[in-house]
Amino acid sequence: MKYLLTYLKGMAMGAADVVPGVSGGTIAFITGILDTLLESIRRVNPSLIKVIRRQGVKSAFEYINGPFLLAVFGGILTSIFTLAKLITYLLTHHPIPVWSFFFGLIIISVIHMLKQVRGFSLTRLVLFIAGVAFAWGITVLNPIALELTYFNVFIGGSIAICAMLLPGISGSFILLLLGLYTSILNAAKSFDILVLAIFASGCVFGLLTFSHLLSALMRRYHDATLVFLTGLMLGTLGKIWPWKQVLTWRENSAGELVPLLEQNLSPMQFELFTGQPAQLFWAIAAMSMGIALVWGLEIFAGKKGQ
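In structure tokens form, the structure reads like this:
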């Protein structure tokens with residue numbers, strides 16, 4: 248039952264990672280598994296060879312918390328392979344409720360994370376503002392168009408997985424900025440084993456390097472790191488705002504027109520400029536569902552810790 252719950256949390260992380268602008272790391276944090284995930288990944292290092300030699304493979308597997316890692320990454324991969332088509336469809340045909348759900352989820356997650364911080368200082372305020380500014384800066388960058396080479400896929404995987412571990416920064420959005428998002432998503436939908444294997448290799452490389460840094464920061468400067476990460480989450484809200492007007496378009500590697508530059512609008516402006524319904528009722532309902540989900544997880548975690 249314990250690992251089934253972990254598997255479901257992994258699925259939630261995977262579902263978030265498919266959406267540009269939403270981080271699997273955010274889901275890991277609000278479900279209470281981020282610290283364990285970072286510590287487990289951190290133990291996969293050269294010293295693991297000594298553990299294998301002295302105590303055997305089984306002990307080494309337990310040392311890195313293998314069952315936990317299998318459950319998490321099994322859930323992530325399940326979501327990526329099974330939900331890629333569904334989420335792509337929903338983002339194409341029902342974008343406002345989808346973005347509204349994640350907008351509500353991020354807002355309540357920011358509040359949830361700030362509640363974990365024990366006191367504020369000028370330094371932490373500066374870190375929070377720096378996190379907001381950094382994330383906002385990333386969201387307004389124009390996408391580039393990297394050629395779909397094996398090297399670029401490897402590099403894209405290593406960078407994106409680092410972002411996926413960070414609450415607030417979306418790995419999918421990093422791939423979007425690199426011009427690789429559509430190609431990787433298509434590879435997942437069509438089971439292109441070679442591209443996926445190279446991407447996965449890049450992810451493993453990124454995990455085994457970046458997780459050590461983030462884990463050390465969380466252990467030594469927990470509250471300061473948490474404040475910065477919360478700023479990152481808040482800074483991405485502009486990207487997740489449900490009502491947008493596309494200013495310019497670009498052609499992706501599949502020859503499809505996709506948004507390049509967008510501007511945020513109020514619901515009334517959205518109806519005026521686009522001629523489409525703002526779907527305000529469904530937006531509020533979806534946003535409330537996102538808030539309720541995190542609130543429920545917080546209450547559940549609180550009762551479990553008593």
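Add 247 to the 1-based position in the sequence shown for my numbering, that's all there is to it.
We treat Cβ as the ideally placed atom computed from N, Cα and C, and that holds for glycine.
### Task
Return yes when the Cβ of Met-480 is within less than 8 Å of the Cβ of Ile-353, no when it is not.
Indexing the sequence shown from 1 puts residue 353 at position 106. Indexing the sequence shown from 1 puts residue 480 at position 233. Yes, these two residues count as a Cβ contact at 8 Å.
Residues that DSSP places opposite Glu-509 in a beta bridge: In the sequence shown, the residue the question calls residue 509 occupies position 262. Looking at the DSSP assignment, Glu-509 forms a beta bridge with Val-493.
- Phe-315 - DSSP class collapsed to helix/strand/coil: In the sequence shown, counting from the first residue as 1, residue 315 sits at position 68. Three-state result, Phe-315: helix.
Per-residue DSSP class, three states only, for His-459: Numbered from its first residue, the sequence shown carries residue 459 at position 212. Here His-459 sits in helix by DSSP.
Exercise. Helix, strand or coil for Gln-302, going by three-state DSSP, please let me know.
Key: Here residue 302 corresponds to residue number 55 of the sequence shown, with the count starting at 1. Three-state result, Gln-302: helix.
Taking all protein chains shown into account, decide if Lys-297 is buried (16 or more other Cβ within 10 angstroms of its Cβ) or exposed. Indexing the sequence shown from 1 puts residue 297 at position 50. Per the 10 Å Cβ criterion, exposed.
Q: Taking only the alpha-carbon atoms, compute the straight-line gap between Leu-338 and Gly-384 and give it to the nearest angstrom.
A: For the purposes of this step, residue 338 is identified with residue 91 of the sequence shown, where counting begins at 1. For the purposes of this step, residue 384 is identified with residue 137 of the sequence shown, where counting begins at 1. Using only the alpha carbons, I get a separation of about 23 Å.
Note to self: I believe Leu-374 touches Gly-449 by the beta-carbon criterion, under 8 Å. Please report the beta-carbon distance rounded to the nearest angstrom.
What the structure shows: To locate residue 374, count along the sequence shown from 1; it is residue 127. To locate residue 449, count along the sequence shown from 1; it is residue 202. Not quite, the Cβ-Cβ distance comes to about 29 Å (not below 8 Å), so this is no contact.
Point to revise | Top-ranked residue by Cα proximity to Ile-327, from Met-260, Pro-524, Ile-274, Ile-538 | key: Sequence index remark: in the sequence shown, residue 327 carries index 80 (1-based). Measuring from the Cα of Ile-327, the nearest candidate turns out to be Met-260.
**Asked** If we ignore side chains and look at the alpha-carbon of each, how far apart do Thr-396 and Ala-532 end up?
**Response** Taking the first residue of the sequence shown as position 1, residue 396 is located at position 149. Taking the first residue of the sequence shown as position 1, residue 532 is located at position 285. Whole-angstrom Cα-Cα distance: 42 Å.
Less than 6 Å between C-beta atoms, sequence neighbours within five positions excluded: which residues of the same chain meet that for Gly-404? Here residue 404 corresponds to residue number 157 of the sequence shown, with the count starting at 1. So the qualifying residues of the chain are Phe-446, Gly-449, Cys-450.
**Continuous alpha helix (DSSP H) stretch holding Lys-256: start and end** = Position 9 of the sequence shown, counted from the start, is the residue given in the question as residue 256. Run containing Lys-256: 249 to 265, per the alpha helix (DSSP H) assignment.
Practice prompt. With Tyr-428 as the anchor, note down where its alpha helix (DSSP H) starts and where it stops.
Written response: Here residue 428 refers to the residue found at position 181 when the sequence shown is read from its first residue. Looking at the DSSP string, the run of the alpha helix (DSSP H) that includes Tyr-428 is 428 to 437.
**Request:** Throw me the rounded Cβ distance for the Gly-322 and Lys-256 pair, which I believe falls under 8 Å.
**Result:** Within the sequence shown, residue 322 is the residue found at index 75, counting from 1. Within the sequence shown, residue 256 is the residue found at index 9, counting from 1. Their Cβ separation, rounded to whole angstroms, is 7 Å, which keeps Gly-322 and Lys-256 in contact under 8 Å.
Hey, how far is the Cα of Leu-284 from the Cα of Gly-366? Start at 1 with the first residue of the sequence shown, and residue 284 comes out as number 37. Start at 1 with the first residue of the sequence shown, and residue 366 comes out as number 119. Their backbone Cα atoms lie some 26 Å apart in a straight line.
**OP:** Could you check how far apart the C-beta atoms of Leu-512 and Gln-526 are, in whole angstroms? I think they sit under 8 Å.
**Re:** To locate residue 512, count along the sequence shown from 1; it is residue 265. To locate residue 526, count along the sequence shown from 1; it is residue 279. About 13 Å separates the two Cβ atoms, so there is no contact after all.
Rounded to whole angstroms, what is the Cα-Cα separation between Ile-538 and Glu-394? Counted from its first residue, the sequence shown places residue 538 at position 291. Counted from its first residue, the sequence shown places residue 394 at position 147. Straight-line Cα distance between these residues: approximately 39 Å.
**Study point:** 3-residue-minimum beta strand (DSSP E) runs that sit fully inside the region 343 to 408, ordered along the chain
**Key:** none
Exercise. Rounded to a whole number of angstroms, what is the C-alpha to C-alpha distance between Asn-188 and Lys-249?
Worked result: For residue 188 there is no data in the structure shown, the boundaries of the chain being 248 and 553.
Classification of Gly-552 by the beta-carbon crowding that lies within 10 angstroms, buried from 16 upward:
The residue given as residue 552 occupies position 305 in the sequence shown. Its pLDDT being 46, under 50, Gly-552 is placed unreliably by the model, and the measurement read from it follows with that caveat. Gly-552 should be labelled exposed.
Next item on the list: Using a threshold of 8 Å, state whether the C-beta atoms of Leu-412 and Gly-279 are closer than that.
Entry: As a position in the sequence shown, residue 412 is number 165, starting the count at 1. As a position in the sequence shown, residue 279 is number 32, starting the count at 1. For Leu-412 and Gly-279, no; Cβs fall outside 8 Å.
May I have the straight-line CA-CA distance separating Ile-343 from Trp-490, to the nearest angstrom? Taking the first residue of the sequence shown as position 1, residue 343 is located at position 96. Taking the first residue of the sequence shown as position 1, residue 490 is located at position 243. Approximately 7 Å between the Cα atoms of the pair.
task = Could you pull the start and end residues of the alpha helix (DSSP H) that Pro-514 belongs to?
result = Stepping through the sequence shown from its first residue, residue 514 is reached at position 267. Its alpha helix (DSSP H) spans residues 514 to 521.
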